[in-house]
Amino acid sequence: MLTGSPVSPEQARDFCAGWPGMLRDRLVWFVDEVDAGAPSVEALDGLVVRVVGRIGEDRPVEPVPEWYDASLAAAGWSAYGSALTEGLMAWVAEIHADRAGRPLPWVLDEDPTSAYHLKPVVDLPGIAPPWRQVMGALRLAQSGGDPGRLRSVVEHNLAQLPDGVAAPAPHVGEGVAEDALVEVTALGPDRWQVSFPEDIDSRLGGRRTPRSRRGSGESTA
295 MLTGSPVSPE QARDFCAGWP GMLRDRLVWF VDEVDAGAPS VEALDGLVVR VVGRIGEDRP
355 VEPVPEWYDA SLAAAGWSAY GSALTEGLMA WVAEIHADRA GRPLPWVLDE DPTSAYHLKP
415 VVDLPGIAPP WRQVMGALRL AQSGGDPGRL RSVVEHNLAQ LPDGVAAPAP HVGEGVAEDA
475 LVEVTALGPD RWQVSFPEDI DSRLGGRRTP RSRRGSGEST A
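Residue numbers (this note's numbering): 295 to 515.
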């Protein structure tokens, strides 16, 4: 599914449909299995080292990741190690979801020219799927590379995402609660959605500024 031979579009769609729920379940198991704590960028280096150190450990695990195959076994990955890898994927996905302010929008890549054809990807511009980030980083660390690579990639990705929390509202007048009048939400680099209540005129005491307007809109200032 994630590695090895291509699967049929029908199999890929079924896999992608179950992927978000599987990640949620695996995250709970992973946090308990490696005492990972709450997802954070700062803990990534240590987790990469921990997972690589156990990547070939022969322990029973259920369910075995659907994408675990002979090619990974030949590279020294056990089914248990692949489950830990899947848990780290879920952990990294949760970091991205926290920054985005919502669950990640997983979709199936059906573009035949894409490197991720018939694999689950995140429908966010400029963000590589967390499973790809994790597998690449673990393979690098397994061969003696820098275990900090995953943290660097995740930090770069997070910089592409606006915070999911609404930005502070600008001051609009004395004695009026700012957050009751204007809501500013980041949509992307230098793009903001500014929302005003319908009764803004009455709430401002009938005084309008040249920038006042009804409803909601978008500013690129």
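Glycine included, every Cβ here is placed at the ideal spot set by N, Cα and C.
Fair warning: this is a prediction, and the values are worked out from it, not measured in the lab.
Presumed contact (8 Å Cβ cut-off) between residue i and residue j, rounded CB distance
i	j	result
D417	P399	4 Å
P314	L412	No, P314 and L412 are not in contact; Cβ-Cβ is about 17 Å, not under 8 Å.
H390	P424	6 Å
P414	C310	5 Å
M383	L317	7 Å
First through last residue of the beta strand (DSSP E) which encompasses residue i
i	result
W400	400-402
P414	414-416
Inter-residue spacing [alpha-carbon to alpha-carbon] between residue i and residue j
i	j	result
P464	A453	Any reading at P464 must be qualified, since the residue scores a pLDDT of 39, below 50, and its modelled position is unreliable; the value itself is stated next. C-alpha separation (whole angstroms): 24 Å.
R307	D403	10 Å
L321	A364	24 Å
G312	S372	22 Å
E336	W323	21 Å
P462	M295	Unreliable positioning characterises P462 in this predicted model, as indicated by a pLDDT of 38, which lies under 50. The coordinate reading is nonetheless provided below. Taking the straight line from one Cα to the other gives about 43 Å.
A394	G347	31 Å
Q305	T297	14 Å
W361	G381	13 Å
Close beta carbons around residue i, own chain, < 8 Å, minus the five adjacent residues each side
i	result
A431	V342, P441, R443, L444, V447
P354	Y374
T379	V345, I349, P359, W371, V428, M429, L432
First and last residue of the uninterrupted alpha helix (DSSP H) at residue i
i	result
P424	424-436
I349	Careful: I349 lies outside any alpha helix (DSSP H) and carries neither H nor E.
I389	373-394
G298	Run containing G298: none; DSSP gives neither H nor E here.
S365	364-368
Chain C within 9 Å of residue i, Cβ atoms only
i	result
W425	Absent from the structure is chain C; it holds one protein chain and no more.
Same chain only: Cβ atoms within 7 Å of residue i, ignoring 5 sequence neighbours per side
i	result
D339	P441, G442, R445
Other residues of its chain near residue i: CB distance less than 6 Å, five sequence neighbours each side excluded
i	result
I554	The requested residue 554 does not occur in the structure, where the chain is confined to residues 295 to 515.
P333	W385, E388, I389
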